[in-house]
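Here the structure comes first, spelled out in structure tokens, and everything after it is commentary.
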Amino acid sequence: MLLFKVYGVMKASTSLLALMLLLGNCNNHPSPSKQGNGDKSGASYLALGDSYTIGESVPQEQRWPVLLADALNKSGKPVQSPYIIARSGWTTRDLLNAIQNYTPEKPYDMVSLLIGVNNQYRGRSLEEFRTEFHELLIKSIGYAGGEKENVFVLSIPDWGVTPYGTANRESIAKEINNFNSVAKEECKKEKILFIDITPISRTALNDPSMIASDNLHFSGKMYQLWVNEALGLVKSKI
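Letter by letter, the sequence shown follows residues -18 to -1, 1 to 220 of mature numbering (1 follows the signal peptide of the UniProt record, and there is no 0).
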């Protein structure tokens, strides 16, 4: 349970609203938010995840999968606008439920996965995360037509550096590290590229411009740094 300093009812309401943006609807498994502009030129790209992938509190053009596609296009690697299946609040189980019946007409040339922050926030076990994350890896490989080299994972960023993580910054960081260790281990088993952007996310502690307007998620400036980290590694896959 996260503890926050509360100064009156207004402060408590603000905190609750911001955390709802992270959690989403805990009791339902809503339809995924799917994005794409219909452009069929270039490599196809599927992005799976949660609030970070859908870009909570940032414009569509600042979502990190969109920024990555733009960067790849500018580097001479034609990529379609990403097809995004993500929603704020999703755990690994929520994402699995959302894609249970998703059967694309043909394999994607590139598949990314970033998931787990809500497992950490809700106090879900590492064992459960390991099982469900591995299942998501297998699903991702399937969406890539069985080509493991066309799948990559971004580590879970550390939301403890945001204003709403202040009270439990150290414990959040430790738990995020533990979840990322599991994700890295499972990626290694399946020979999937694991890109560690967590240290980059922690630089937001000293740069408010890397935090989104809700004071809980990251800004497009931060997402661009993730893209800069991933670009060289992903570019070689296309």
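The beta-carbon is built from N, C-alpha and C at its ideal position, and this holds for glycine as well. Note that this is a predicted model, so its numbers are computed, not measured.
If we call anything under 9 Å between Cβ atoms a contact, is residue i one with residue j?
| i | j | result |
| --- | --- | --- |
| Thr185 | Leu207 | yes |
| Leu187 | Val135 | no |
| Asn162 | Ile182 | no |
| Pro89 | Gly31 | no |
| Tyr84 | Ile67 | yes |
| Ile177 | Leu119 | no |
| Ala53 | Met92 | no |
| Gln62 | Tyr34 | no |
| Ser39 | Asp196 | yes |
| Lys217 | Asn132 | no |
| Ala165 | Phe115 | yes |
| Ala51 | Pro41 | no |
List the DSSP bridge partners of residue i.
| i | result |
| --- | --- |
| Met92 | Tyr27 |
| Val99 | Answer by DSSP bridge pairing: none, since Val99 is not bridged. |
| Asp61 | Reading the sequence as shown, one finds Val at residue 61 and not Asp. Note: Val61 sits in a beta bridge opposite Ala25. |
Can you tell me where the beta strand (DSSP E) with residue i in it begins and where it stops?
| i | result |
| --- | --- |
| Leu198 | Taken as a continuous stretch (DSSP letters only), Leu198 belongs to no beta strand (DSSP E), as it is neither H nor E. |
| Ile81 | From DSSP, Ile81 is part of no beta strand (DSSP E); its letter is neither H nor E. |
| Leu49 | Run containing Leu49: none in the beta strand (DSSP E); it sits in the alpha helix (DSSP H), 46 to 56. |
| Val40 | Per DSSP, Val40 belongs to no beta strand (DSSP E) and is neither H nor E. |
| Val133 | 133 to 136 |
| Asn175 | The sequence given here places Leu at residue 175; Asn does not occur at that position. Element bounds for Leu175: 175 to 177. |
Could you tell me how far apart the beta carbons of residue i and residue j are, in whole angstroms, since I believe they sit closer than 8 Å?
| i | j | result |
| --- | --- | --- |
| Gln44 | Tyr205 | 6 Å |
| Leu198 | Trp141 | 7 Å |
Let's see if you can read the secondary structure: which residues bound the alpha helix (DSSP H) around residue i?
| i | result |
| --- | --- |
| Phe153 | Rather than Phe, the amino acid found at residue 153 in this sequence is Ser. That run of the alpha helix (DSSP H) goes 151 to 172. |
| Arg184 | Per DSSP, Arg184 belongs to no alpha helix (DSSP H) and is neither H nor E. |
| Ser122 | 108 to 125 |
Is it the case that the CB of residue i approaches a heavy atom of the ligand NAP more closely than 8 Å?
| i | result |
| --- | --- |
| Pro47 | Absent from the structure shown: the ligand NAP. Ligands present: none. |
### At least three beta-carbon pairs within less than 8 Å, the region 109 to 116 to the region 80 to 88
no
### Query
Quick one: any contact between the region 50 to 63 and the region 150 to 170, if contact means 3 or more CB pairs under 8 Å?
no
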